[in-house]
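Below is one structure, written out as structure tokens; comments come after it.
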Amino acid sequence: MPSIPSVYFTNHLHDSRGPSEEVQKGTVWQAHINHLVIGQNGIMSTPAVSCVIRKIKAVGGIILTASHNPGGPSGDFGIKYNISSGGPAPEGITNKIFEISKGLQEYQICPELKVDLATIGKQTFEVDTFKPFTVEIVDSVEAYAEMLRGIFDFAALKDLLSGSNHINVRLDAMHGVVGPYIKKIVCEELGSPANSAVNCVPQEDFGGHHPDPNLTYAADLVNTMKSGEYDFGAAFDGDGDRNMVLGKHGFFVNPSDSVAVIGANITCIPYFKKTGVKGLARSMPTSGALDNVAKALKMQLYETPTGWKFFGNLMDAGKLSLCGEESFGTGSDHIREKDGLWAVLAWLSILASRKQSVEEIMKDHWQKFGRNFFTRYDYEEVDSDAANKMMKDLETQMSDPSFVGKQFSSGDKTYAVAVADNFAYTDPVDGSVSKNQGLRIIFADGSRIIFRLSGTGSAGATVRLYIDSYENDGQKILQDPQVMLAPLVDIALKVSQLHERTGRSGPTVIT
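Taking UniProt numbering, the leading residue of the sequence shown gets 1, the next gets one more, and so forth.
Okay, here's the thing in structure tokens:
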């Protein structure tokens, strides 16, 4: 079973109205699909799918991926639908698709229809009621590369990567879909040596590894960077929309800091000089680092629930230019998905402009804006019933009127609760309300503890604990986040009884 191919399509509709307006409103009508556009060899990154949907004005796209809410017998297959804007389908669409699916009585297949996925060009077939039926195979990389050429200064990037004073980079595709994009764009076009990109052949089992760009699952890259041989490192996930950035000697850039640095240096990217900056946004669990940039630069900032569709709504309304999530997703309004390679080229553009190292840029940023110390603890495959009960009991405790104002102490630190709620979001574009987006305990000094529960499949649930605390004392901003946040982690574990309730002694992954 393929793990990472993508498909997007155009169609002709019975209804003469344009797809964008009606699909956005949640109208679903019967359509005859007579033109499929597929990436060569069935492989295309999620950002490239969004790019091409927008370029060819497709009514939407289907992505078959191991990276999105995996289902299937082995938990390694998911199906995702993107609308004509190139972004994830909103709940109004997905809810209607689900309702229709419950009434389906039969479906028809064409097992004898053989498509050559390797050869670029159009293939035409005679299929009942869909005559002719066209399958178009396209270069998986070219349209996306063409888009990036219009966003970044490729001459400056080429000088950075292959000029007389070039830096050494190490890019790990983790055997996901982004490998061919790195090879063609970064190595062939921008001149980085071929051996600077590793694990670039997409594999169904991702080479036996978990393609998650974090310090735990990208440990090979982290260890390689620690040698000091490379100035810049990055890892990418299975479908190419998330990224992790590292500096020399393995200096780790927290994803919350990554989007903040791009925001603070946004004029290093030619695209934003042309479009201007309409606004910034982050998901609620993401640290407040971007808020500090927005405030200093007098930009509008939006705090949304987790999920790229919330950013897409703001982008379509012309309110948003740059956004990010703490889960290693960063992007802009050039497409309607997060974009791993875009984020890496954004960082390289900043390096080229400022002529500093990753670590120097990050430390300068903290000196100027202060630092949000941030960590995330993931408890994976926890018993679903135990996790749900823990969250329910914690919310009950937080809902007690006496909880606000309560003081919690750990070591020599004491924190007073200022806000305790279950985050809800009213979309400023369409007025839709999203509730139950995460339990928040916000203290008087602005520090935050957040709990979120995701996934309730057969493998269990994942409990995520987020800790965020701001510091602008120049003597403290270079401290280790785990040391600085230890009192808040201790308070979070005590107030939730997370370990006792889940039977765990510690998290599966720490970011």
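Note that beta-carbon positions come from the ideal geometry of N, C-alpha and C, so glycine has one too.
With 16 as the cutoff for other CB atoms within 10 Å, does aspartate 473 come out buried or exposed? Exposed: under 16 other Cβ atoms inside 10 Å.
Taking contact to mean 3 or more Cβ pairs, one atom from each stretch, closer than 8 Å, check whether the region 307–324 and the region 274–287 are in contact. Yes, since at least three Cβ pairs between the region 307–324 and the region 274–287 fall closer than 8 Å, the two stretches touch.
How would you label residue 512, buried or exposed, when you count the other beta carbons within 10 angstroms and need 16 or more for buried? Only positions 1 to 511 of the chain appear in the structure, and residue 512 is not among them; the question remains open.
Range covered by the alpha helix (DSSP H) that runs through valine 483: Segment 481–484, the alpha helix (DSSP H) holding valine 483.
To the nearest angstrom, report how far apart arginine 233 and lysine 102 are at their CA atoms. As written in the sequence, residue 233 is glycine, which differs from the arginine given in the question. Answer to the nearest angstrom: the Cα atoms are 46 Å apart.
Sheet register partners of arginine 448 (DSSP bridge): According to DSSP, arginine 448 bridges with Ile442 and Asp468.
Can you give me the C-alpha to C-alpha distance between glutamate 229 and isoleucine 449, rounded to a whole angstrom? If I take the Cα positions, the gap works out to 38 Å.
Can you check which of these residues, Gly179, Ser227 and Met484, is closest to aspartate 241 by C-alpha distance? Distance check between aspartate 241 and each of Gly179, Ser227 and Met484 places Gly179 closest, using alpha-carbon atoms only.
Just the Cα atoms here: how many angstroms apart are glutamine 479 and tyrosine 81? Glutamine 479 and tyrosine 81 have their C-alpha atoms roughly 43 Å apart.
Taking all protein chains shown into account, do 16 or more other C-beta atoms lie within 10 angstroms of the C-beta of valine 201, making it buried, or fewer, making it exposed? Valine 201 is classed as exposed because its beta carbon has fewer than 16 other beta carbons within 10 Å across all chains shown.
Who are the Cβ neighbours of valine 505 in its own chain at under 8 Å, not counting the five residues just before and after it? Correcting the residue identity first, residue 505 is serine in this sequence and not valine. Short of 8 Å from the beta carbon of serine 505, and not among the five residues preceding or following it, lie these beta carbons of its own chain, in chain order: His499.
6 Å CB neighbourhood of alanine 444 in its chain, flanking five on each side removed: For alanine 444, where only same-chain residues beyond five positions count, the Cβ hits under 6 Å are Ala416 and Ala418.
Scan the region 175–227 and note each continuous beta strand (DSSP E) run of 3 residues or more that stays entirely inside, going in chain order. Listed in chain order, nothing qualifies, since the region 175–227 has no complete beta strand (DSSP E) run of 3 or more residues.
By DSSP, does histidine 35 sit in helix, in strand, or in coil? Shown here, histidine 35 sits in a strand according to DSSP, grouped into three states.
Could you name the residues of the same chain whose beta carbon sits closer than 7 Å to that of leucine 215, not counting the 5 residues immediately before and after it, in chain order? Contacts found: Val222, Phe252 and Thr511.
According to DSSP, which residues form a beta bridge with glutamine 123? For glutamine 123, the pairing in a beta bridge is given by DSSP as Val135.
Shorter than 7 Å from the beta carbon of glutamine 479 to some beta carbon of chain C? The displayed structure is made up of one protein chain only, and chain C is not part of it.
Tell me, please, whether the region 36–52 touches the region 328–337 by the rule of three or more beta-carbon pairs shorter than 8 Å. Output reads yes: the region 328–337 touches the region 36–52.
Are there any heavy atoms of the ligand SAM lying less than 6 Å away from the beta-carbon of leucine 190, as far as the coordinates show? Looking for the ligand SAM in the displayed structure turns up nothing, as the structure carries no ligands at all.
Taking the beta strand (DSSP E) that leucine 322 falls in, what are its first and last residues? The continuous beta strand (DSSP E) containing leucine 322 extends over residues 322–325.
Classification of serine 85 by the beta-carbon crowding that lies within 10 angstroms, buried from 16 upward: That one is buried.
From leucine 351 to valine 358, what distance separates their C-alpha atoms? So the alpha carbons of these two residues sit roughly 7 Å apart.
Span separating the alpha-carbon of aspartate 400 from that of aspartate 393: Put simply, the backbone Cα of aspartate 400 is about 11 Å away from that of aspartate 393.
In terms of DSSP beta bridges, what is lysine 274 paired with? Answer by DSSP bridge pairing: none, since lysine 274 is not bridged.
According to DSSP, is aspartate 231 helix, strand or coil? For aspartate 231, the three-state secondary structure derived from DSSP is coil.
Cα separation between threonine 124 and leucine 64? About 23 Å.
Out of Tyr217, Lys413 and Arg170, which has the shortest C-alpha to C-alpha gap to alanine 194? For alanine 194, the closest of Tyr217, Lys413 and Arg170 by C-alpha to C-alpha distance is Arg170.
So what's lysine 389 in DSSP terms, helix, strand or just coil? Here lysine 389 carries a helix assignment [DSSP, helix/strand/coil].
What does DSSP give as the partner residue(s) for asparagine 243 in the beta ladder? Answer is Phe236.
DSSP state of lysine 102, grouped into three classes? Looking at lysine 102 - three-state DSSP - the assignment turns out to be helix.
Provide the residue(s) that pair with glycine 329 in DSSP beta bridges, ordered along the chain. Here glycine 329 is bridged, per DSSP, to Arg242 and Glu325.
Whole-angstrom C-beta distance between leucine 453 and alanine 387, which should lie under 8 Å: That belief holds up - the Cβ atoms of alanine 387 and leucine 453 are roughly 6 Å apart, short of 8 Å.
Grab me the residues of methionine 1's own chain with a C-beta within less than 7 Å of its C-beta, minus the 5 sequence neighbours each way, in chain order. Residue placement at methionine 1 cannot be trusted, given a pLDDT of 30 that sits under 50; the coordinates are not used to answer.
When you compare only the Cα positions, how much space is there between tyrosine 379 and alanine 492? Their Cα atoms are separated by approximately 14 Å.
C-beta atoms of alanine 294 and alanine 260 nearer than 7 Å: Judged by their CB atoms, alanine 294 and alanine 260 are not nearer to each other than the 7 Å cut-off.
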